[in-house]
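Chemist: Below is one structure. I have some questions about it.
Residue numbers (this note's numbering), protein chains in the order written: chain A, 958 to 1193; chain B, 7 to 243.
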């Protein structure tokens, strides 16, 4: 029973989020706020799923080690294995759900088919690796210092607000934009959108290189932490 | 053969750190089954975990010149939300088993837990868990099996089955047991190690080890206890 409900929520949660945002947008903001080169609903859905991919990696990996502690009885199993497996599983689920939405969107006529599919897949992978990097670090840190795990969980909503998922960042003043662009998630989501909508005007200064450097650094730190604290993580 | 060299292990707690094992040395020859005895907190389980490679020592090393199992115990070894079958499959894959199907049916028939084999492990009783754990480890050809109180929760029939299986393996594999059940130790082990104040004392005969440990902790020897029990029964009548 609980398994069936879990599958239902995987689809229902983003669907509900999309509905709520459409309502907010039509009722509060009015219809004339315009995004250059993209319809609002597909624009929002792509951003939301890109963010979810990152968020699920960040959040679900926090508990990966404690949830599978019993398996460290086998010396072949290392803490990082549980993290990597969970990341693959979560990302696969997110990918399948996204594909379902793309197909459904196509049927309804939203035009969610990416115009540059290869680039879309590439940026999707970059967002995954970003989440994996944060998750690798979080998985170690939250075992050693549980309070940090809590802080990471709390950060999920504020991150949604500053990642340009709900409203276009170029509505904001230029000075503020520059600060928001420090956030690598913004880069990932904007790039993903650019692959979906050919005529979409991406924020200036969005860069694949910047995102990739974040990915590399986070992965490196995460892997080093896992090597350094492997024995401690097993013993906890 | 398992060689334990200058092994030290400590745990950090709020009051500083206490050495659980301090400069422990011994060698367990091939095909010698050993019982680990000592009071609560003497470091028996810790030593077993270090021998298995699950935990690491602060100083010293363990040299394993044979295939050593994981510690078969009351806790751990299973992912609770997966079924018994899935757990067995996982462990078989982790150990690089060639014929997973055969291994699964071997474990299933040994554990005798019926339809629960396809239920999540978190729904199991402790007895069922130990049945599965024992069946699983016995399905592999380890040279040395490590058991951490694993036999203590099973019912009589299962305990007999487990010890019979071990006896049938005498000559090809041995066992290292942590247990407070003297009868099991006397039945399955030939040698003994007494963990006392961070030191390991080796005994060639498990009976001597248990007797000395009992004298040390003020428990009368087994003959005296039997006599007392008989006397108590007589008094009741």
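Quick reminder that beta carbons are idealized off the backbone N, C-alpha and C, glycines included.
Against chain B, with Cβ distances strictly below 9 Å, would residue 1026/A count as a contact?
Modeler: Residue 1026/A counts as touching chain B.
Chemist: Closer than 6 Å by C-beta to residue 114/B: which residues in its own chain qualify, once you throw out the five before and the five after it? Chain order, please.
Modeler: Here the set comprises 123.
Chemist: Pull up the CB-CB distance for residue 1073/A and residue 1152/A, whole angstroms please, since I reckon it's below 8 Å.
Modeler: Their Cβ separation, rounded to whole angstroms, is 5 Å, which keeps residue 1073/A and residue 1152/A in contact under 8 Å.
Chemist: Taking Cβ positions only, does residue 1034/A come closer than 9 Å to chain B?
Modeler: At least one chain B Cβ lies under 9 Å of residue 1034/A.
Chemist: Residue 1044/A lies in the alpha helix (DSSP H); which residues open and close that run?
Modeler: Residues 1036–1065.
Chemist: Any heavy atom of the ligand COA inside 8 Å of the beta-carbon of residue 1167/A?
Modeler: Absence of the ligand COA is noted for the structure shown, with no ligands found whatsoever.
Chemist: From residue 1100/A to residue 1054/A, what distance separates their C-alpha atoms?
Modeler: Approximately 30 Å between the Cα atoms of the pair.
Chemist: Can a CB atom of chain B be found closer than 9 Å to the CB of residue 1193/A?
Modeler: No, residue 1193/A does not count as interfacial toward chain B.
Chemist: Determine the chain A residues that contact residue 77/B at a beta-carbon separation under 8 Å, and present them in chain order.
Modeler: The contacting residues are 1030.
Chemist: Among 1143/A, 1007/A, 1060/A, which one has its Cα closest to the Cα of residue 1047/A?
Modeler: Comparing Cα-Cα distances from residue 1047/A to each of 1143/A, 1007/A, 1060/A, the minimum goes to 1007/A.
Chemist: Who does residue 41/B pair with in a DSSP beta bridge?
Modeler: Beta-bridge pairing links residue 41/B to 183/B, 198/B.
Chemist: With DSSP as the reference, please indicate the residues paired to residue 205/B in a beta bridge.
Modeler: DSSP lists 202/B as partners of residue 205/B.
Chemist: Are there 16 or more other CB atoms within 10 angstroms of the CB of residue 1172/A, so buried, or fewer, so exposed?
Modeler: Classification of residue 1172/A: buried, given that the 10 Å Cβ count is 16 or more.
Chemist: Looking at chain E, which residues of the region 58–72 of chain B have a Cβ within less than 9 Å of any of its Cβ atoms?
Modeler: Annotation note: the requested chain E is absent from the structure, which comprises protein chains A and B.
Chemist: Against chain A, does residue 20/B count as a neighbour if the rule is that its beta carbon must be under 9 Å from one of theirs?
Modeler: Cβ-Cβ to chain A under 9 Å: no for residue 20/B.
Chemist: Closest by CA to residue 45/B, which one among 184/B, 240/B, 17/B?
Modeler: Looking at the Cα atoms, 184/B is the closest of the given residues.
Chemist: Along the alpha helix (DSSP H) that carries residue 1147/A, what are the first and last residues, could you check?
Modeler: Looking at the DSSP string, the run of the alpha helix (DSSP H) that includes residue 1147/A is 1141–1153.
Chemist: With 9 Å as the threshold, decide whether the Cβ of residue 151/B is near any Cβ in chain A.
Modeler: Closer than 9 Å: no.
Chemist: Pairing CB atoms from the region 73–85 of chain B with CB atoms from the region 53–61 of chain B, are three or more of them under 8 Å?
Modeler: Short answer: they touch.
Chemist: Taking a contact to mean a Cβ-Cβ separation below 9 Å, would you say residue 9/B touches residue 68/B in this structure?
Modeler: In this structure, residue 68/B lies closer than 9 Å to residue 9/B by Cβ.
Chemist: May I have the straight-line CA-CA distance separating residue 215/B from residue 168/B, to the nearest angstrom?
Modeler: Using only the alpha carbons, I get a separation of about 23 Å.
Chemist: Alpha carbon to alpha carbon, how far is residue 1112/A from residue 1141/A?
Modeler: When rounded, the distance between both Cα atoms is 15 Å.
Chemist: Between which residues of its own chain and residue 958/A is the CB-CB distance below 6 Å, once the five residues before and five after are set aside?
Modeler: Confidence in residue 958/A is poor, its pLDDT being 44 and thus under 50, which makes the residue's placement too unreliable to answer from.
Chemist: Can you tell me whether residue 15/B is buried or exposed, with buried defined as 16 or more other CB within 10 angstroms of its CB?
Modeler: The residue is buried, with at least 16 neighbouring Cβ atoms inside 10 Å.
Chemist: Assuming residue 32/B contacts residue 200/B under a Cβ cut-off of 8 Å, what Cβ separation, rounded to an integer in Å, is found between them?
Modeler: Wrong, their Cβ atoms sit about 11 Å apart, outside the cutoff.
Chemist: So what's residue 958/A in DSSP terms, helix, strand or just coil?
Modeler: In this predicted model, residue 958/A has a pLDDT of only 44, less than 50, meaning its place in the structure is not dependable; the value taken from the coordinates is given anyway. Residue state, collapsed to three classes: coil.
Chemist: Note down the Cα distance separating residue 925/A from residue 91/B, rounded to an integer number of angstroms.
Modeler: There is no way to answer for residue 925/A, as the model of chain A reaches only from 958 to 1193.
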